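A.B. asks: Protein chains in written order, with the working numbering: chain R, 193 to 764; chain L, 16 to 77.
One structure is given below, represented as structure tokens, and several questions about it will come after.
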Amino acid sequence: MTTPHGTSTGKSSFWLNLNSLLPDHLLGRFYFLLATVAIEYLFVFAGRGQNANHHGFLGIVTDAVGQIPIFAYVVFLGLGHSRLKALKVKVSFGSLLFAGHLLCMAAVFAFTSAVRQGSSWVQFDRFSYAKSLIYVLGTLLLAWAIIPLGDWFQAARATGRLWLYSLLAGVGGWLLGIPVLMLWYSTSTVQSGMLQRATLYAVSVVLRPFLPSLFVDPAAFQIGTPNYSIIIAGGCSGVEGFGLVILFTSLWLWFYRKEIRFPQAFLLIPCALGCSWLLNILRLFALILIVSDGGSQAVEAGFHTQAGWISFIAVALGFSLATQKIPWMRVRSGIEGAAGATELHCEDRRESPAIRAYLVPFLLILAAASLSRAVTGNFDWLYPLRFFAAAIALIYFLPELKKLNWRFGWLGPIAGATVFLIWIAPSRLMPFWWAHQHGVSHLGADLAALSPAARWSWITFRVAAAVITVPIAEELAFRGYLARRFISVEFDRVSFSSLTALSIFLSSAVFGLEHMKNLMDWPYWTLGTLAGLAFAAALRRCGRFGDAVIAHAFSNLLLAAWVLGLGDWTQW
Amino acid sequence: MMKSRLKSALVILCFVLGTCTVSHAMVFGGRPARPEIDPSLAISGITLLVGSLAVLRVRRKK
């Protein structure tokens with residue numbers, strides 16, 4: 193039985209359970225709505241390409257107009273945080289509305305999938321309009337389901353005219369986007385493409401002493417040597433780094449505003465932007481220098497894809513460290529009263545020191561993978577770097593890790609074998625679909641081209657990493673830290689037997705994301721999530737960390753045997 | 016009070032500007048074949064960043 197708003201009253205245990213998983217206070221529901229819409233948007237629209245037909249909504253480009261409510265909502269939440277938090281109302285959940293929302297999203301996803309499969313019947317404008325309309329309707333139903341209309345009005349009353357200011361900020365943000373475009377669009381106007389021109393000029397200045405044969409074509413934004421040249425397109429001029437850096441720095445300053453001194457901290461934003469631009473010039477400089485000097489196109493591809501992220505991460509980490517370590521930027525310590533109390537409060541919100549032992553091995557694997565791909569190109573011959581990086585970290589943190597229960601029983605290997613069967617099932621049961629989704633792996637051919645000693649050395653480290661370092665590092669990060677961190681900031685005090693359904697599902701979903709080959713690789717996301725659920729289930733059932741590790745290691749061992757035995761290289 | 020409002024307004028302005036730039040660069044900018052920030056590496060990149068930030072924000076031992 194359900195109420196008109198759809199709230200379950202007793203029979204429907206599924207909806208009751210779902211309701212119990214949601215935050216019951218208004219502010220939590222607002223954030224939950226934001227997260228759900230963001231994830232759905234990613235699922236439904238990511239990677240749809242540049243086809244204008246997919247943007248149409250009543251003749252308006254939805255990507256542009258869609259920015260207004262997004263900005264407005266974020267501003268509303270940011271500025272209204274404390275007032276919304278003060279509203280102690282118990283919020284119900286609209287199960288019928290939510291069901292309607294799910295139907296709408298299923299329809300939108302079907303349209304999107306059909307477009308990606310190349311179905312011609314969805315290429316007409318009217319289907320794009322229909323898709324956009326259904327998407328908007330589904331999102332409205334979701335907003336109504338999560339926060340009933342009465343609570344929306346109550347939030348509006350409690351926050352005064354904030355909704356109006358937020359809406360104006362949304363429109364202002366959308367309008368700001370137009371002059372921002374001018375920074376890199378290459379048209380006939382004077383100011384257009386100025387970032388491209390500045391980048392082209394800077395790269396030519398630093399390259400000329402090293403490459404006497406350097407040529408520059410300002411009209412085409414082309415630079416290089418007779419052997420190799422690049423075009424500095426709008427997207428390569430540093431503007432993507434600018435966008436991400438501004439986004440990151442503003443979010444950082446907002447979240448940690450109580451720990452940071454203003455207006456000093458604002459000075460760090462232009463510094464971060466300058467660093468981002470200089471690193472992009474260094475990236476282009478290195479790219480042209482490496483390939484012109486005899487480097488292969490494969491190295492170019494690897495370097496090009498990794499260097500941008502490495503630069504952005506370096507700038508973001510530098511910015512966050514500056515706000516934490518430079519005394520002039522921080523709220524002063526050792527002060528009695530409000531500032532001292534604020535610092536103590538901020539200290540309590542920080543992560544437990546145990547986090548280092550749980551996260552560093554996995555982060556080093558990611559960092560080593562990024563660096564090795566940047567210098568190796570298509571075949572990652574530096575893969576052993578990942579093994580050594582994780583092994584050194586695990587040895588370093590051994591005293592902390594000894595506190596965990598590393599014993600295991602039979603359930604671990606059984607879970608591991610089950611995960612292995614689930615993992616290979618799609619490629620066996622639906623080989624054509626799998627091949628269409630993931631293409632052909634060149635790993636076997638790359639290995640065959642190596643000398644026997646090099647080939648077997650690489651395979652030995654690949655298997656050792658898959659069976660030893662990767663399972664330990666990933667289980668520490670996803671089950672040891674993340675699953676328990678969803679329960680408490682003092683995660684190392686949470687027993688594995690008390691993991692909740694929500695913490696297991698969320699940590700497994702993130703674990704699934706890590707196994708995607710690209711942003712649209714939902715088959716591997718599903719498999720990774722199922723694997724995470726199985727490892728977490730073994731952990732929770734036995735309460736011993738060793739069971740999760742052995743399950744993970746056993747599934748990877750079986751997979752390695754499968755790959756090497758059958759030559760099914762797509763699984764690696 | 017005025018200083019606090021100004022601080023909030025500036026942070027929001029930065030956020031809006033950043034979102035505009037990312038949105039326009041990645042959707043309307045006409046993505047080059049090899050972009051500056053490769054979206055296919057977003058998951059590992061963001062994980063590395065968020066994980067590193069969490070480790071850097073560790074609490075001082077009492």
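All residues carry an ideal CB built from backbone N, CA and C; glycine is no exception.
For clarity, every value in this text was computed on a predicted model and none was experimentally measured.
Given that a residue counts as buried once 16 or more other Cβ atoms are within 10 Å of its Cβ, and exposed if not, what is T652/R?
C.D. replies: Burial call: exposed.
A.B. asks: Need the endpoints of the beta strand (DSSP E) that S421/R sits in, please.
C.D. replies: S421 to I423
A.B. asks: Determine whether the Cβ of C29/L lies closer than 8 angstroms to any Cβ atom of chain R.
C.D. replies: yes
A.B. asks: Measuring alpha carbon to alpha carbon, tell me which residue in L460/R, R353/R, A546/R and L749/R is nearest E592/R.
C.D. replies: Cα-wise, what sits closest to E592/R is A546/R.
A.B. asks: Alpha carbon to alpha carbon, how far is L333/R from G342/R? Give it in angstroms, no decimals.
C.D. replies: Between G342/R and L333/R, the C-alpha separation is close to 14 angstroms.
A.B. asks: By how many angstroms is the C-alpha of T661/R removed from the C-alpha of S687/R?
C.D. replies: Take the alpha-carbon of S687/R and the one of T661/R: they are about 23 angstroms apart.
A.B. asks: For a test of the three-state rule: what should DSSP assign to L751/R, helix, strand or coil?
C.D. replies: helix
A.B. asks: Enumerate in chain order the residues of its own chain whose CB-to-CB distance from A348/R is below 6 angstroms, with the five nearest sequence positions on each side excluded.
C.D. replies: W355
A.B. asks: By the three-class DSSP mapping on this structure, what secondary structure does F263/R have?
C.D. replies: helix
A.B. asks: What does the alpha-carbon distance come out to for the pair A646/R and P418/R?
C.D. replies: 35 angstroms
A.B. asks: Going along the chain, which residues of its own chain have a beta-carbon closer than 7 angstroms to the beta-carbon of M622/R, five neighbours each way excluded?
C.D. replies: none
A.B. asks: Could you give the residue range of the beta strand (DSSP E) that holds G416/R?
C.D. replies: G416/R -> beta strand (DSSP E) spans Q414 to G416.
A.B. asks: Whose CA, out of G66/L, V70/L, A69/L and S59/L, lies closest to the CA of L563/R?
C.D. replies: S59/L
A.B. asks: Nearest-angstrom Cα distance between I679/R and L406/R?
C.D. replies: 58 angstroms
A.B. asks: Could you check how far apart the C-beta atoms of R475/R and G500/R are, in whole angstroms? I think they sit under 8 angstroms.
C.D. replies: 7 angstroms
A.B. asks: Is D638/R helix, strand or coil by DSSP?
C.D. replies: Looking at D638/R - three-state DSSP - the assignment turns out to be helix.
A.B. asks: I want to see whether chain L comes within less than 8 angstroms of L509/R, judged by CB atoms only; does it?
C.D. replies: yes
A.B. asks: Going by C-alpha distance, which of V659/R, L329/R, L479/R and F511/R is nearest L403/R?
C.D. replies: L479/R
A.B. asks: Sorted by chain position, which residues of the same chain lie with C-beta nearer than 7 angstroms to K277/R's C-beta, five sequence neighbours on each side aside?
C.D. replies: Cβ within range, chain order: L219.
A.B. asks: So what does DSSP say about R523/R, is it helix, strand or coil?
C.D. replies: Going by the sequence as given, residue 523/R is Val instead of Arg. Of the three classes helix, strand and coil, the one that applies to V523/R here is coil, per DSSP.
A.B. asks: Please confirm if S23/L has its CB atom under 8 angstroms from at least one CB of chain R.
C.D. replies: yes
A.B. asks: Can you tell me whether DSSP reads F454/R as helix, strand or coil?
C.D. replies: coil
A.B. asks: Which of helix, strand or coil does DSSP assign to D760/R?
C.D. replies: coil
A.B. asks: For L387/R, which of helix, strand or coil comes out of DSSP?
C.D. replies: In this structure, DSSP gives L387/R a helical state, which the three-state scheme calls helix.
A.B. asks: What distance in whole Å lies between the Cβ atoms of A230/R and L359/R, which are believed to be in contact at a cut-off of 8 angstroms?
C.D. replies: Wrong, their Cβ atoms sit about 20 angstroms apart, outside the cutoff.
A.B. asks: Let me check understanding here. Comparing Cα to Cα, which of I461/R, L481/R, F600/R and L367/R lies closest to S770/R?
C.D. replies: The first residue shown for chain R is 193 and the last is 764, placing residue 770/R beyond what the model contains.
A.B. asks: Report the neighbours of T497/R on chain L: residues whose CB is nearer than 8 angstroms to its CB, in chain order.
C.D. replies: R49, D53, S55 and L56, listed in chain order.
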